[in-house]
Amino acid sequence: MTHPFLSIRNLRKAFGAIVAVHDVTLDIPRGEFLTFLGPSGSGKSTTLYAIAGFQDPSSGDVLLEEKSLLAVPSHKRNIGMVFQRYTLFPHLTVAENVAFPLRVRRRSDAEVKKKVADMLALVRLESFAGRLPGALSGGQQQRVALARALAYDPPILLMDEPLSALDKKLREEIQGEIRRIHRETGVTILYVTHDQEEALHLSDRIALFKDGRIEQTGTGEDLYLRPATDFVAGFIGNSNFLAAEHLDTINGTATIRMTDGSVISGVRPNGTFGKGQKTRLMIRPEAFSMERSPASAELNVEIVDIAFYGERRRIVARIAAGQEVDIRPTSAAMQSQGVSPCSRQVFFDPATAFLFPA
Amino acid sequence: MLLDYDRMGGLRVALLGFTALVAGFLLLPVVFIVLLSFGSSRWLAFPPPGWTLKWYQELFADPAWLDAALTSARIATMTAILAVAIGLLASFALVRGRFAGREILRGLLLTPMVLPIVVFAIAIYAFFLRLGLGGTTIGFVIAHTVLALPFAIIPIATALEGFDKSIEDAAIVCGASPLEARLRITLPSIRIGIFSAAIFSFLASWDEVVVAIFMASPSLQTLPVKIWGSLRSDLSPVIAAASSLLVGLTLALMLVTALLQRKFRT
Numbered sequence: 002m003t004h005p006f007l008s009i010r011n012l013r014k015a016f017g018a019i020v021a022v023h024d025v026t027l028d029i030p031r032g033e034f035l036t037f038l039g040p041s042g043s044g045k046s047t048t049l050y051a052i053a054g055f056q057d058p059s060s061g062d063v064l065l066e067e068k069s070l071l072a073v074p075s076h077k078r079n080i081g082m083v084f085q086r087y088t089l090f091p092h093l094t095v096a097e098n099v100a101f102p103l104r105v106r107r108r109s110d111a112e113v114k115k116k117v118a119d120m121l122a123l124v125r126l127e128s129f130a131g132r133l134p135g136a137l138s139g140g141q142q143q144r145v146a147l148a149r150a151l152a153y154d155p156p157i158l159l160m161d162e163p164l165s166a167l168d169k170k171l172r173e174e175i176q177g178e179i180r181r182i183h184r185e186t187g188v189t190i191l192y193v194t195h196d197q198e199e200a201l202h203l204s205d206r207i208a209l210f211k212d213g214r215i216e217q218t219g220t221g222e223d224l225y226l227r228p229a230t231d232f233v234a235g236f237i238g239n240s241n242f243l244a245a246e247h248l249d250t251i252n253g254t255a256t257i258r259m260t261d262g263s264v265i266s267g268v269r270p271n272g273t274f275g276k277g278q279k280t281r282l283m284i285r286p287e288a289f290s291m292e293r294s295p296a297s298a299e300l301n302v303e304i305v306d307i308a309f310y311g312e313r314r315r316i317v318a319r320i321a322a323g324q325e326v327d328i329r330p331t332s333a334a335m336q337s338q339g340v341s342p343c344s345r346q347v348f349f350d351p352a353t354a355f356l357f358p359a
Numbered sequence: 712m713l714l715d716y717d718r719m720g721g722l723r724v725a726l727l728g729f730t731a732l733v734a735g736f737l738l739l740p741v742v743f744i745v746l747l748s749f750g751s752s753r754w755l756a757f758p759p760p761g762w763t764l765k766w767y768q769e770l771f772a773d774p775a776w777l778d779a780a781l782t783s784a785r786i787a788t789m790t791a792i793l794a795v796a797i798g799l800l801a802s803f804a805l806v807r808g809r810f811a812g813r814e815i816l817r818g819l820l821l822t823p824m825v826l827p828i829v830v831f832a833i834a835i836y837a838f839f840l841r842l843g844l845g846g847t848t849i850g851f852v853i854a855h856t857v858l859a860l861p862f863a864i865i866p867i868a869t870a871l872e873g874f875d876k877s878i879e880d881a882a883i884v885c886g887a888s889p890l891e892a893r894l895r896i897t898l899p900s901i902r903i904g905i906f907s908a909a910i911f912s913f914l915a916s917w918d919e920v921v922v923a924i925f926m927a928s929p930s931l932q933t934l935p936v937k938i939w940g941s942l943r944s945d946l947s948p949v950i951a952a953a954s955s956l957l958v959g960l961t962l963a964l965m966l967v968t969a970l971l972q973r974k975f976r977t
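Residue numbers (the numbering used here), protein chains in the order written: chain A, 2 to 359; chain B, 712 to 977.
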């Protein structure tokens, strides 16, 4: 198969003078779990709603197996969707909710009965078949909504922040369920969230949205380890951005001068920089180490505070220019006697540090 | 809160007393009418010298009273059906619609509630006279529907506002056409509002007298009109019996509404 399963082409959506989606192009292979990640107002939900048919795009196209969906009304697109808010039909039981899409498709009673049983088993709510939605917890309601959305075997499942109304513990539990269901059904999932952890945990690929455009598309690892822009670097994971002056770039590695005058070589430039150009060096908090190693570069800091967070320690340090640096060494060797409030050097591998324009 | 009932102390007693006084002032006349309808005095003397059901027997024996009651029921039922149907469509427009003049339309539809009823009665009487609708059942139903519309729109629109449109969208994504989604999902979800609307519009017609007097003809009289007419000719306890039936049905319907609302809420 050469053509993509689902293809979003130059999608644009304007509400009057406000452009919600500028230009989104994306190909999604069958069976992929793709997440639209981004801050609120970045256009991710609007894109999803255009696929669902609730928003008509101003221009561009959405193709499913090379056929445009735009002329097809929502109820004939055969797409599954789970919404942010609880959308179970309040007057119907759990089983009747799951049966609804099959009933409107005029499936036989026997088929409906079997499919409802299968779906409730899939979301592990068999014993709740006769309950009304009002008697269910939020997490259970979203699981029923998932069963309802999958009951008619849609080729695509859209999920619009389905877990945002749930508390953290429940959210993680249902994330596990969603992953399992994706594995078991092989359905193509487009998932919208503003929660980067959720996106990293669930997705095969992530499309990071900013201001109505996709900033970068890739696996969670791509976005974390090889951020295309400083926005990606700032949005995925935690990042320190330190002011630096670009000196030279040779063979794809750059040499820079920090504000305290120290020179660091071997960092990865994101873009091309001129000599003396002001830049920002991005270092992940967990890229720091307290011990020197052969390849490491060093940073002079003053340790301000050390906090214990269970699985790791978090150190707040300050560089000479006064800027605070977030340090979360992974090394188990880091004992509290090793670091106390003092001036010292911390170390990092320059290959994990990226240079962005200031 | 400043006026928290639990923190009022002595004021609470005063408030309770005042409320009881107002309730008594409003309800006592009705209670007396009901008591008098069972009293044996022909002249509505109180306290009654004895108790009897003969006024009710007289009431049911007189075909004119029965006819008036049936006419009332018929017109109120048609009014309720029409008001709910129009109220439903109007509520969708008012709650979901995004069009210029929506607030004006809302105001217009609710006007009958604040317009002096006699003004409306005279206007529609003059209008129907020209159209030849005066004294007809159709004219009666149309006039009462206009009056009942606010009582239909308010509960339906409130229910619709409280209904998350995402639920309807979910039904559409599930494969239901927009019309099917509204019929099978939205309407059942707002059924309390629709039911309340039906009862309120029924009652708005059932106990309406001013417009009814203008709409009535000798052959087409509702119960309130018949009571009003009888009152002017002679003051018989049969009128008290008829009034008690009027109040009784009203109370029963209100009770049913309250019970259903409680049931749906849990």
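The beta-carbon is built from N, C-alpha and C at its ideal position, and this holds for glycine as well.
By the three-class DSSP mapping on this structure, what secondary structure does residue i have?
i, result
"residue 217 of chain A", "strand"
"residue 12 of chain A", "strand"
"residue 279 of chain A", "strand"
"residue 107 of chain A", "coil"
"residue 264 of chain A", "strand"
"residue 292 of chain A", "coil"
"residue 338 of chain A", "Annotation note: pLDDT 49 at residue 338 of chain A (below 50); position unreliable, no value reported."
"residue 231 of chain A", "helix"
"residue 939 of chain B", "helix"
"residue 717 of chain B", "helix"
"residue 6 of chain A", "coil"
"residue 764 of chain B", "coil"
"residue 905 of chain B", "helix"
"residue 951 of chain B", "helix"
"residue 932 of chain B", "coil"
"residue 324 of chain A", "coil"
"residue 655 of chain B", "Chain B is shown from 712 up to 977; residue 655 of chain B falls before or after that span and cannot be answered."
From the beta carbon of residue i, is the nearest beta carbon of chain A less than 8 Å away?
i, result
"residue 1063 of chain B", "Here chain B has residues from 712 to 977 only, and residue 1063 of chain B is not among them."
"residue 896 of chain B", "yes"
"residue 888 of chain B", "yes"
"residue 872 of chain B", "no"
"residue 875 of chain B", "yes"
"residue 891 of chain B", "yes"
Which chain A residues sit within Cβ distance under 7 Å of residue i?
i, result
"residue 883 of chain B", "75, 76"
"residue 878 of chain B", "88, 90"
Mind checking if residue i is an interface residue toward chain B, Cβ cutoff 8 Å exclusive?
i, result
"residue 338 of chain A", "Note on residue 338 of chain A: pLDDT 49, under 50, position unreliable in the model; the coordinate value appears next. No - not a single Cβ of chain B is within 8 Å of the one on residue 338 of chain A."
"residue 120 of chain A", "no"
"residue 107 of chain A", "no"
"residue 259 of chain A", "no"
"residue 82 of chain A", "yes"
"residue 129 of chain A", "no"
"residue 96 of chain A", "no"
Using a C-beta to C-beta distance shorter than 9 Å, which residues of chain B count as neighbours of residue i?
i, result
"residue 153 of chain A", "885, 886"
"residue 149 of chain A", "881, 885"
In chain A, what lies closer than 9 Å to residue i by C-beta?
i, result
"residue 769 of chain B", "Ordered by position in chain A, no residue passes the 9 Å Cβ test against residue 769 of chain B, which lies about 47 Å from the chain."
In chain B, what lies closer than 7 Å to residue i by C-beta?
i, result
"residue 102 of chain A", "885, 886"
Residue i versus chain B: which residues are under 8 Å apart at the beta carbon?
i, result
"residue 55 of chain A", "880"
Could you check whether the Cβ of residue i sits closer than 7 Å to any heavy atom belonging to the ligand PLP?
i, result
"residue 304 of chain A", "Ligands in the displayed structure: none, and consequently the ligand PLP is not present."
How about residue i: is its C-beta nearer than 8 Å to some C-beta of chain E?
i, result
"residue 71 of chain A", "The question asks about chain E, but that chain is absent: this structure's protein chains are A and B."
inquiry  = Check whether the segment 922-941 of chain B and the segment 762-780 of chain B touch, using three or more Cβ-Cβ pairs below 8 Å as the test.
reply    = yes
query = Is it true that the segment 886-896 of chain B meets the segment 98-110 of chain A, where meeting means three or more beta-carbon pairs spaced less than 8 Å apart?
reply = yes
Three-pair Cβ contact test at 8 Å for the segment 34-42 of chain A versus the segment 861-876 of chain B = no
inquiry  = List, from N- to C-terminal side, the beta strand (DSSP E) runs of 3 residues or more that fit wholly inside the segment 30-80 of chain A.
reply    = 34-38, 60-65
ask   = At a cut of 8 Å, does the segment 20-32 of chain A reach the segment 199-213 of chain A through at least three beta carbon pairs?
value = yes
Touch test, the segment 906-924 of chain B against the segment 721-741 of chain B, Cβ-Cβ under 8 Å, three pairs minimum = no
ask   = If we count Cβ pairs, one from each stretch, closer than 8 Å, do we get three or more for the segment 939-956 of chain B versus the segment 747-759 of chain B?
value = yes
ask   = When the Cβ atoms of the segment 187-196 of chain A are set against those of the segment 158-172 of chain A, are three or more pairs found closer than 8 Å?
value = yes
key: Length-filtered (3 minimum) beta strand (DSSP E) runs lying within the segment 767-843 of chain B   = none
key: Segment contact, 8 Å Cβ cut-off, at least three pairs: the segment 725-733 of chain B with the segment 277-292 of chain A   = no
ask   = For the 8 Å Cβ check, are there 3 or more pairs between the segment 88-102 of chain A and the segment 119-133 of chain A?
value = yes
query = Of all the alpha helix (DSSP H) runs that stay within the bounds of the segment 92-180 of chain A, which reach a length of 4 or more residues?
reply = 95-105, 110-123, 139-151
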